[in-house]
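Colleague:
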Amino acid sequence: ETGVTQSPTHLIKTRGQQVTLRCSSQSGHNTVSWYQQALGQGPQFIFQYYREEENGRGNFPPRFSGLQFPNYSSELNVNALELDDSALYLCASSTGAGGGSYEQYFGPGTRLTVT
Amino acid sequence: QQQVKQSPQSLIVQKGGISIINCAYENTAFDYFPWYQQFPGKGPALLIAIRPDVSEKKEGRFTISFNKSAKQFSLHIMDSQPGDSATYFCAASPPWYAGNMLTFGGGTRLMVKP
């Protein structure tokens, strides 16, 4: 069984640029959630995708957007990067929304640095 | 608004001792309470979780105690080992049919001294 994978591992971008982060969910999982973890803090929920539709969104501006593909993999896109967007971006997969399951399993994250 | 408050922020325990981390929540709609362990440079790993219909759950050296009326829950690590040194996060989520998005506490950095 393959766990959650994310790419790239690290990324350095300049303020104002755009970035795309990728996530492959764990085998058998149809729900993907994205979280932002600033240094020294707990992860904060960005949004969740189930069956290629956004299934919930946290308190993040519209420049944070996402996609889920038919194979349940997902992308997180951030436009007009700001310095405060520097963080570890975590993807979590589950059978949640449609599967009656609570457990979420996290990938290793993508460390984004905005300069 | 921080809906899950975690304490202490840091904790130092001797090898073999008991580590206790506490969390309090505000939203009575929360229905699932997991604990995650995170090592530096890694993603959080699910450690143990509890639903509100039970007051305690034990898995190996890890125990969750849950007090629904007080809206509090805690993690106890028995016989703490240096390998347990990590950051621990409590979290809470609404029922799965409402979208199982997690709200995390601020984290506790645990150091177990040999």
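So the sequences go chain by chain: P and D. Using our numbering, read the first sequence as starting at 1 and increasing by one per residue. Using our numbering, read the second sequence as starting at 1001 and increasing by one per residue. Each residue gets a CB set at the ideal place from its N, CA and C atoms; glycine is no exception. Computed from a prediction, not measured in an experiment: that's the story for all the values here.
What does the Cβ neighbour count give for D:D1079, buried or exposed, with the cut at 16 atoms within 10 Å?
Modeller: Translated into the one-based positions of the second sequence, residue 1079 of chain D becomes position 79. Flag for D:D1079 reads exposed.
Colleague: Note down the Cα distance separating D:A1045 from D:R1061, rounded to an integer number of angstroms.
Modeller: Within the second sequence, residue 1045 of chain D is the residue found at index 45, counting from 1. Within the second sequence, residue 1061 of chain D is the residue found at index 61, counting from 1. Looking at the two C-alpha atoms, the distance is approximately 16 Å.
Colleague: Looking at chain P, which residues of the stretch 1036-1057 of chain D have a Cβ within less than 9 Å of any of its Cβ atoms?
Modeller: Result list: Y1036, Q1038, G1041, K1042, G1043, P1044, A1045, L1046, A1049, R1051.
Colleague: Tell me, to the nearest whole angstrom, how far the beta carbon of D:F1033 is from that of D:A1092; I am working on the premise that it is less than 8 Å.
Modeller: Residue numbering aside, residue 1033 of chain D sits at position 33 when the second sequence is read from its first letter. Residue numbering aside, residue 1092 of chain D sits at position 92 when the second sequence is read from its first letter. Right, their Cβ atoms sit about 5 Å apart.
Colleague: Can you tell me whether D:L1046 is helix, strand or coil according to DSSP?
Modeller: As a working note, residue 1046 of chain D is residue 46 in the second sequence. Note: D:L1046 maps to strand in three-state DSSP.
Colleague: Mapping the DSSP letters down to three states, classify D:A1098 as helix, strand or coil.
Modeller: Stepping through the second sequence from its first residue, residue 1098 of chain D is reached at position 98. DSSP places D:A1098 in helix when its eight states are reduced to three.
Colleague: Taking the beta strand (DSSP E) that P:N55 falls in, what are its first and last residues?
Modeller: Locating residue 55 of chain P in the first sequence gives position 55, counting from the first residue. From DSSP, the beta strand (DSSP E) with P:N55 extends over 53-57.
Colleague: Express the C-alpha separation of P:V78 and P:V114 in angstroms, rounding to a whole number.
Modeller: In the first sequence, residue 114 of chain P corresponds to position 114, counting from 1. In the first sequence, residue 78 of chain P corresponds to position 78, counting from 1. If you take the alpha carbons of P:V114 and P:V78, they lie about 11 Å apart.
Colleague: Which value, in whole angstroms, describes the spacing of the CA atoms of P:S65 and P:G16?
Modeller: If you number the first sequence from 1, residue 65 of chain P lands on position 65. If you number the first sequence from 1, residue 16 of chain P lands on position 16. The straight-line gap from Cα to Cα measures roughly 16 Å.
Colleague: Is P:V4 near P:G107, with beta carbons less than 7 Å apart?
Modeller: For the purposes of this step, residue 4 of chain P is identified with residue 4 of the first sequence, where counting begins at 1. For the purposes of this step, residue 107 of chain P is identified with residue 107 of the first sequence, where counting begins at 1. In this structure, P:G107 lies closer than 7 Å to P:V4 by Cβ.
Colleague: State the CB to CB distance for the pair D:F1039 and D:V1054, rounded to an integer number of angstroms; the pair is presumed to be in contact (CB under 8 Å).
Modeller: What you label residue 1039 of chain D is simply residue 39 of the second sequence in a count that begins at 1. What you label residue 1054 of chain D is simply residue 54 of the second sequence in a count that begins at 1. Incorrect: roughly 28 Å between the Cβ atoms, too far for contact.
Colleague: For P:S24, count neighbouring C-beta atoms within 10 Å of its own C-beta (all shown protein chains included) and say buried if the count is 16 or more, exposed if not.
Modeller: As a first step, residue 24 of chain P is located in the first sequence; it is residue number 24 there, counting from the start. Result: buried.
Colleague: In terms of residues, what are the limits of the beta strand (DSSP E) holding P:H120?
Modeller: This structure leaves residue 120 of chain P out entirely; chain P is present only between 1 and 115.
Colleague: Given that a residue counts as buried once 16 or more other Cβ atoms are within 10 Å of its Cβ, and exposed if not, what is D:G1043?
Modeller: On the second sequence, position 43 is the one that residue 1043 of chain D refers to. Classification for D:G1043: buried.
Colleague: Using a Cβ-Cβ cutoff of 8 Å, what residues of the stretch 1075-1090 of chain D are near chain P? List them in chain order.
Modeller: Correct list: F1089.
Colleague: So who's on the other strand from D:F1073, going by DSSP bridges?
Modeller: Residue mapping note: residue 1073 of chain D aligns to position 73 of the second sequence, counting from 1. According to DSSP, D:F1073 bridges with D:C1023, D:F1066.
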